[in-house]
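What follows is a set of notes on a single structure, which appears directly below.
Number of protein chains: 2
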Amino acid sequence: MAWNTNVLVGQSGGPTAAINASLAGVFDTARDLGAHVLGMRYGIEGFLAGRIVYLDRTLGDPMDIELLRRTPASFLGSCRFKLPEPEEDPAFFEDAFAKFEDAHVGAVLYIGGNDSMDTIDKLGRWADAHGSDVRLIGIPKTIDNDLVGTDHTPGFGSAAKFIATTMREIERDSSVYDLKSVTFVEIMGRDAGWLAGSACLAGALGNPCPDLVLLPEVTLNQEALLDRISLLLARKNTVVVAVSEGVRHRDGTLLCEAAAEAADGTRLDAFGHVASLSGTGRYLASVTRAALGCKTRAIELSTLQRCASHVASATDLAEAYALGGAGVLAAQDGKTSVMTAIKRIFDKPYLYDTTLTPIADVANKARKVPREFIAPDGMGVTAAFDRYARPLIEGEVSSTYQGGVPHHIKALEADRS
Amino acid sequence: MAWNTNVLVGQSGGPTAAINASLAGVFDTARDLGAHVLGMRYGIEGFLAGRIVYLDRTLGDPMDIELLRRTPASFLGSCRFKLPEPEEDPAFFEDAFAKFEDAHVGAVLYIGGNDSMDTIDKLGRWADAHGSDVRLIGIPKTIDNDLVGTDHTPGFGSAAKFIATTMREIERDSSVYDLKSVTFVEIMGRDAGWLAGSACLAGALGNPCPDLVLLPEVTLNQEALLDRISLLLARKNTVVVAVSEGVRHRDGTLLCEAAAEAADGTRLDAFGHVASLSGTGRYLASVTRAALGCKTRAIELSTLQRCASHVASATDLAEAYALGGAGVLAAQDGKTSVMTAIKRIFDKPYLYDTTLTPIADVANKARKVPREFIAPDGMGVTAAFDRYARPLIEGEVSSTYQGGVPHHIKALEADRS
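As given, the protein sequences belong to chains A and B, one line each in that order.
Counted from 1, the first sequence has number 185 at position 129 by the numbering used here; the numbering is strictly sequential.
Counted from 1, the second sequence has number 159 at position 103 by the numbering used here; the numbering is strictly sequential.
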């Protein structure tokens with residue numbers, strides 16, 4: 057059944073390796089239904105400033121879709137823009153819905169994380185209260201995997217695959233010399249430890265890698281950590297610790313905050329010295345070197361975690377694409393104020409279906425790593441975590457290389473279009 | 057013609073993504089000739105302590121060789137051990153050659169960089185002076201590409217491919233918001249800018265990426281850099297700068313040294329403030345933010361540059377393997393005190409041959425990026441650099457994945473074997 061409308065799609069919040077696969081899913085499905093697809097340049101903020109990308113033209117070639125799926129970051133551009141409450145600023149919403157009408161928009165699909173779902177929630181509440189039939193659909197996206205209402209979020213699997221792959225390589229690199237050393241690998245995730253826990257996917261049964269994992273869900277017990285490292289060093293040369301950037305001291309300060317304050321001279325480190333390095337990993341490397349006298353080093357995986365599409369998870373990209381398409385089908389079916397979501401059917405062999413979750417149940421909530429996924433001593437994850445996360449990193453994407461580097465879709469001009 | 061001897065092989069210095077491919081080449085070629093292959097556990101230092109790996113057993117399965125080629129870091133372990141001068145410590149060399157004789161070693165192949173070639177040079181000088189017929193062969197290896205006597209070094213191509221791939225992904229990640237930002241990506245290479253220059257392989261004709269490259273061969277002109285960044289920001293949102301960790305101020309101090317001193321409170325930064333961050337990239341991010349008021353960030357590629365075998369260059373691994381095999385053939389042919397080397401035949405299509413270079417011409421020398429490869433303004437590389445480096449990153453390796461992560465050869469036990 058042909059759908060004679062315009063579909064408006066936007067990307068919001070931090071970029072990932074999978075967010076463009078969701079855009080590809082939205083575009084392909086909408087086009088199949090006969091709809092036209094408009095893109096928000098730089099999210100809802102850009103759209104409201106009149107910046108629209110005509111995707112029917114921009115993605116005219118079927119190969120564009122293949123490249124788009126393999127291109128990291130947000131093809132349309134992104135924003136970090138918090139909408140006002142509908143009750144407090146009706147003029148804002150009148151303007152937005154007038155712009156939807158001007159562009160003949162029957163459905164708005166917004167690909168993003170927590171804040172993006174808040175945007176859809178507010179637009180949906182306004183539409184509901186004012187009788188608009190514009191359908192408002194959220195498509196989940198975040199490497200942090202902290203959205204509720206879905207088994208997991210697109211972007212997480214690819215980030216986890218990069219982290220696990222890199223962790224395995226770092227462990228080999230750390231082991232080449234015949235001396236005692238401790239390596240701290242700092243991983244993203246300020247409030248939830250899904251990504252740090254994923255480092256453990258580098259390990260195999262009976263051969264854990266990394267040796268320890270520190271999650272933001274567990275307050276740091278520095279003495280217990282140093283004791284554990286000492287015990288490990290007594291029987292092996294190389295200890296590798298994955299540490300979330302969000303780990304906190306008992307007093308609630310982030311390790312990296314404490315380290316930064318130390319470097320500013322406003323605070324001394326645990327040993328009464330001004331730390332010369334900041335960062336959670338650097339802080340722990342410095343403390344461990346001082347306490348145990350062994351070689352230490354700190355590695356930050358940094359931005360690469362969210363943009364390393366050259367080692368994206370095929371499962372992740374397929375799910376991201378499916379959730380984009382499912383959002384269009386839901387809108388055509390008259391659904392609104394919902395987020396598309398993954399419903400896991402089985403762990404192994406991994407099977408899933410897409411489903412819909414009321415957006416009000418999702419917005420402004422965060423999902424942490426549950427206790428049963430965390431080792432009793434708080435310094436690792438359990439087999440249940442592995443069973444949950446392993447399928448999400450499986451499968452490799454055949455990148456298209458040109459001149460020895462991955463080929464991506466041509467970027468949009470940064471200038472006003 | 058069968059070669060009835062034992063071949064002793066070692067790996068030394070920093071690990072790379074290609075050093076195990078050279079080990080595979082040595083092993084395969086020696087076995088084909090009928091020789092037995094002994095490995096030095098932890099380099100010459102471990103060997104002299106009696107630590108030998110019997111590779112005929114350890115690498116008994118043909119699949120082992122395939123996995124070895126795809127495994128990063130030094131399978132045999134490594135050391136950083138400087139031999140004494142033969143004239144100053146004859147006892148050391150008597151001991152070493154007695155151990156070679158005990159193990160029926162007819163040839164020693166040592167895979168490494170500058171210091172490793174110094175080891176082969178000294179052993180060769182002793183053998184020459186004392187009539188030993190043990191053949192001493194160097195196999196080049198270093199991501200830094202700073203060895204003389206060879207067109208380039210194995211390990212460089214894979215590191216450059218990771219850097220260029222990542223740089224392209226970082227550039228996409230940096231461009232998602234509609235605001236001005238400058239990203240500094242810190243790249244290895246303390247004395248030579250081959251790796252930092254390789255960042256430019258991310259760019260395509262007419263679309264340079266990164267925008268600027270700072271090499272250790274060029275002293276930083278901070279005012280000129282800030283002026284260039286300002287000009288770039290006037291016409292585009294996102295500026296990405298690749299910077300070698302080895303870049304120095306006019307007074308000869310490393311940028312990262314200056315930053316570390318600032319953080320220690322012993323030195324103020326250019327703006328009279330104590331810097332709270334160290335590292336070359338962090339230093340420049342801090343200076344740029346202070347001077348231009350825009351968003352800045354710093355990313356360190358760190359250890360991943362030398363161990364990211366999941367995105368290794370097929371050309372690099374093939375050359376590493378060939379140079380290992382060529383070393384065995386040279387030894388069988390009676391050559392000694394030589395390093396195997398790459399002789400480039402043609403740029404495009406890329407063709408090469410292996411050759412031999414006298415080890416005395418190699419040891420303790422370093423090769424910098426020549427002037428004609430550096431842009432006139434000192435903030436980029438030329439088309440000649442691209443022509444030189446591009447072929448070395450071409451071709452992808454089909455990794456073997458298990459559970460979503462690359463599968464590597466089983467590591468040797470760290471305990472004394």
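Built from N, CA and C at the ideal position, the CB exists for glycine as well.
For Y339/A, the enclosing alpha helix (DSSP H) stretches over residues T336 to L348.
Rounded to the nearest whole angstrom, the CA to CA distance from P414/B to M395/B is 6 Å. Between G102/B and chain A, the shortest Cβ-Cβ separation is below 8 Å. Among the residues of the stretch 392-412 of chain A, none has a Cβ less than 8 Å away from any Cβ of chain B. The continuous stretches of beta strand (DSSP E) do not include D389/B, and DSSP gives it neither H nor E.
Judged by DSSP in its simplified three-state form, S214/B adopts helix. In the structure shown, T410/B adopts extended strand secondary structure according to DSSP, grouped into three states.
K155/A is outside the set of residues whose beta carbon lies under 8 Å from a beta carbon in chain B. Chain order gives no chain B residues near L179/A, where near means a beta carbon separation below 8 Å; the closest approach is about 21 Å. Judged by DSSP secondary structure, M244/B falls outside any beta strand (DSSP E); it is assigned neither H nor E. Not flagged as an interface residue toward chain A: V299/B, since no C-beta distance is shorter than 8 Å.
Taking 9 Å as the Cβ-Cβ cut-off, the stretch 356-368 of chain A approaches chain B at E356, L357, S358, T359, L360, R362, C363, A364, S365, H366 and V367, given in chain order. Apart from sequence neighbours up to five positions away, the residues of its chain that approach F218/A with a beta-carbon distance below 7 Å are L360, Q361, A364 and V367, ordered along the chain.
Sorting R87/B, R125/B and G253/B by C-alpha distance to the C-alpha of R443/B places G253/B at the top.
If you draw a straight line from the Cα of A347/B to the Cα of A91/A, it comes to about 48 Å. Beta-carbon to beta-carbon, A80/B and I121/B are separated by about 5 Å, close enough to satisfy the 8 Å threshold. Within the stretch 222-286 of chain B, the runs of beta strand (DSSP E) at least 3 residues long that lie entirely inside it are, in chain order, 237-243 and 268-270. Around the CB of P405/B, fewer than 16 other CB atoms lie within 10 Å, so the residue is classed as exposed. The beta carbon of R446/B sits closer than 8 Å to some beta carbon of chain A. Judged by DSSP secondary structure, V63/B falls within the beta strand (DSSP E) whose first and last residues are N62 to Q67. Assignment of T456/A by DSSP, reduced to helix, strand and coil, places it in the coil class. Taking 8 Å as the threshold, the shortest C-beta distance from R246/A to chain B does not fall below it. Only residues of its own chain outside the window of five on either side were considered, and among them G81 and T410 have a CB closer than 8 Å to the CB of A378/A, listed in chain order. In the structure shown, the three-state DSSP call for G194/A is strand. In this structure, the straight-line span from the alpha carbon of D177/A to that of R191/A is close to 11 Å. Counting along the chain, E122/A sits inside the alpha helix (DSSP H) bounded by residues P118 to R125. Secondary structure at E356/A: strand, using DSSP grouped into helix, strand and coil.
Looking only at G211/B, V232/B, F148/B and P142/B, the smallest Cα-Cα distance to G69/B is reached by G211/B. Scanning chain A for C-beta atoms nearer than 7 Å to the C-beta of V82/B yields nothing, as the closest lies near 18 Å away.
Between G383/B and L132/B, the C-beta spacing is not below 8 Å. At a cut-off of 8 Å between beta carbons, L257/B contacts chain A. When DSSP reads this structure, T294/B sits in a beta bridge with S237/B. For H305/A, no beta strand (DSSP E) segment is defined, and its DSSP state is neither H nor E. With a threshold of 8 Å between beta carbons, H208/B makes no contact with chain A. Residue environment for L235/A: exposed (fewer than 16 other C-beta atoms within 10 angstroms of its C-beta). Interface criterion not met: the Cβ of Y377/B is under 8 Å from no Cβ in chain A.
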